[in-house]
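Just so you know, we're using this note's numbering here: the sequence shown kicks off at 16 and counts up by one. This report refers to the structure that appears directly beneath it.
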Amino acid sequence: MKVLVLNGPNLGRLGRRQPEIYGRTTHAELADLCVGWGRDLGLEVEVRQTNHEGVLLDWLNGAADDGSAVVLNAAAWTHYSWAIYDACAQLTAPLVEVHISDPTQRPEEFRHTSVVTPHAVAVVAGKGIDGYREALELVAAR
Ligand code: DQA
16 MKVLVLNGPN LGRLGRRQPE IYGRTTHAEL ADLCVGWGRD LGLEVEVRQT NHEGVLLDWL
76 NGAADDGSAV VLNAAAWTHY SWAIYDACAQ LTAPLVEVHI SDPTQRPEEF RHTSVVTPHA
136 VAVVAGKGID GYREALELVA AR
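What follows is the structure, given as C-alpha cells:
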C-alpha cells in the first residue's frame, strides 16, 4: 500500500527549529526513518515537505485521485486552513494526523483546534518523531 507522509510549513527545518520542542532529528533523517518503518510494515512510503499551501493541496488532491493513505503533519495550517479541511474531506484511504508536540497542551490558544482531526481516523501527538512510526502502524493496521 502506498502511503504519503506529508509535512507542512517550517518542518523542513527540523533539527534546527526549536529543538527543545521538536527535537534534533532533521527532516532528511525523519524521511529515512519513515521509509524504513514503512518497509518493515509492508508499506511503500514517500515523504514530502512544503512551505507552500497550494503545493500541499495538490498533493492531497493527488492522494484523493490515487486512493493513497496519508500521514499528515499540516503544522501551523492545521489550525486554520479551511482549504486543507476541504482537501482532507476528499480522501478515501485512511488519513492519520500527526504532530511532534502535542498542540492541545501548548499555551497558544490557536493550537487547540485542528481542521484535520474531523477527517482523520486517528491523531498521534506529543510523541516526537516516534509518532510517525505509530501513525504508519495505524495505517498498516487498516
Ligand atoms: C506541529 C504543531 C503545530 O502547532 C506547529 O505549528 C507546527 C508543528 C507539531 O508537529 O508539533 O509547526 O504540527
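A virtual CB, placed ideally from N, CA and C, is assigned to each residue, including glycine.
Can you give the beta carbon distance from residue i to residue j, rounded, assuming they're within the 8 Å contact cut?
{"i": "Leu19", "j": "Arg54", "result": "About 15 Å; that fails the 8 Å criterion."}
{"i": "Leu29", "j": "Leu45", "result": "6 Å"}
Which same chain residues, not among the five before or five after residue i, have their C-beta less than 6 Å away from its C-beta?
{"i": "Trp52", "result": "Arg148 and Leu151"}
{"i": "Asn22", "result": "Gln64 and Asn88"}
{"i": "Glu61", "result": "Leu19"}
{"i": "Arg157", "result": "Pro109"}
{"i": "Ser129", "result": "Thr93"}
{"i": "Lys17", "result": "Glu59 and Ser83"}
Verify whether the separation of the beta carbon atoms of residue i and residue j is less than 8 Å.
{"i": "Leu75", "j": "Ala102", "result": "yes"}
{"i": "Glu112", "j": "Val138", "result": "yes"}
{"i": "Pro34", "j": "Asn66", "result": "no"}
Label residue i either buried or exposed according to how many other C-beta atoms from any shown protein chain fall within 10 Å of its C-beta, with 16 as the threshold for buried.
{"i": "Ser82", "result": "With the sequence shown as reference, residue 82 is identified as Gly, and Ser is not the correct amino acid for it. Classification of Gly82: exposed, given that the 10 Å Cβ count is below 16."}
{"i": "Thr93", "result": "buried"}
{"i": "Gly143", "result": "exposed"}
{"i": "Glu123", "result": "exposed"}
{"i": "Ile36", "result": "exposed"}
{"i": "Gly134", "result": "Residue identity differs from the one stated: residue 134 is His in this sequence, not Gly. It counts as buried."}
{"i": "His114", "result": "buried"}
{"i": "Ala90", "result": "buried"}
If I measure Cβ to Cβ from residue i and keep anything under 8 Å in the same chain, skipping five residues before and after, which residues do I get?
{"i": "Ala79", "result": "Ala102, Gln105, Leu106 and Thr107"}
{"i": "Leu72", "result": "Ala98, Ile99 and Ala102"}
{"i": "Asp47", "result": "none"}
{"i": "Gln120", "result": "Gly141"}
Apart from the five residues just before and just after residue i, which ones in its own chain have a Cβ nearer than 7 Å to its Cβ?
{"i": "Asp117", "result": "Ala140 and Gly141"}
{"i": "Gly77", "result": "none"}
{"i": "Ala155", "result": "Leu56, Gly57 and Leu58"}
Tell me where the beta strand (DSSP E) around residue i begins and ends.
{"i": "Leu106", "result": "Element bounds for Leu106: n/a, residue is neither H nor E."}
{"i": "Asn88", "result": "Ala84 to Asn88"}
{"i": "Arg31", "result": "It is not in any beta strand (DSSP E) - Arg31 carries neither H nor E in the DSSP assignment."}
{"i": "Val62", "result": "Glu59 to Gln64"}
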